[in-house]
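Here is the structure we will look at, set down as structure tokens.
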Amino acid sequence: MKNLAYTFNWGWLRSERLAIEKYGLDAFMGEEFLKLFRGFGSRQAKKLVELSIVTGNDVDSIIRGLQLSHWGLFEDIKLEKLSQKVIRMRTINCSL
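So, in structure tokens, the structure goes:
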């Protein structure tokens, strides 16, 4: 399963690179690209809830969701609960 996730991620990054080469980096600074990323994150979160892997919308549930997201799979992330409403996420040695 992890190999499949790596394959899809490679495809995503390759598509980004090709689009940047064709249209330039400025094409990715607009609202359209931001909507694409929001949609990706939203779909990922909804699927974790639909599968009852993550329940609730409290800080602990959000931490669990981040641990199971693409961030947790591809990166060495450190999640720290600072309060009942605040989480600190650090990426150690980012892969990109």
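Using the numbering used here, the letters of the sequence shown correspond one by one to residues 1 to 96. Cβ atoms here follow ideal geometry from the backbone N, Cα and C, with glycine treated the same way.
Status (buried if at least 16 other CB within 10 Å, exposed otherwise) for residue i
{"i": "Gly65", "result": "buried"}
{"i": "Val86", "result": "exposed"}
Spatially closest choice to residue i from the options, by CA coordinates
{"i": "Asn93", "options": "Lys81, Arg14, Ala5, Trp71", "result": "Trp71"}
{"i": "Leu4", "options": "Leu73, Thr91, Gln84", "result": "Leu73"}
Alpha-carbon spacing of residue i relative to residue j, whole angstroms
{"i": "Glu31", "j": "Lys2", "result": "31 Å"}
{"i": "Gly24", "j": "Leu13", "result": "15 Å"}
{"i": "Ile77", "j": "Ile62", "result": "14 Å"}
{"i": "Leu51", "j": "Lys22", "result": "38 Å"}
{"i": "Gln44", "j": "Val54", "result": "11 Å"}
{"i": "Asp58", "j": "Phe8", "result": "30 Å"}
Contact belief for residue i with residue j at Cβ below 8 Å, rounded distance in angstroms
{"i": "Met89", "j": "Leu82", "result": "No, Met89 and Leu82 are not in contact; Cβ-Cβ is about 11 Å, not under 8 Å."}
{"i": "Phe28", "j": "Ile20", "result": "7 Å"}
{"i": "Leu18", "j": "Leu48", "result": "Contact flag wrong, Cβ pair sits at about 30 Å."}
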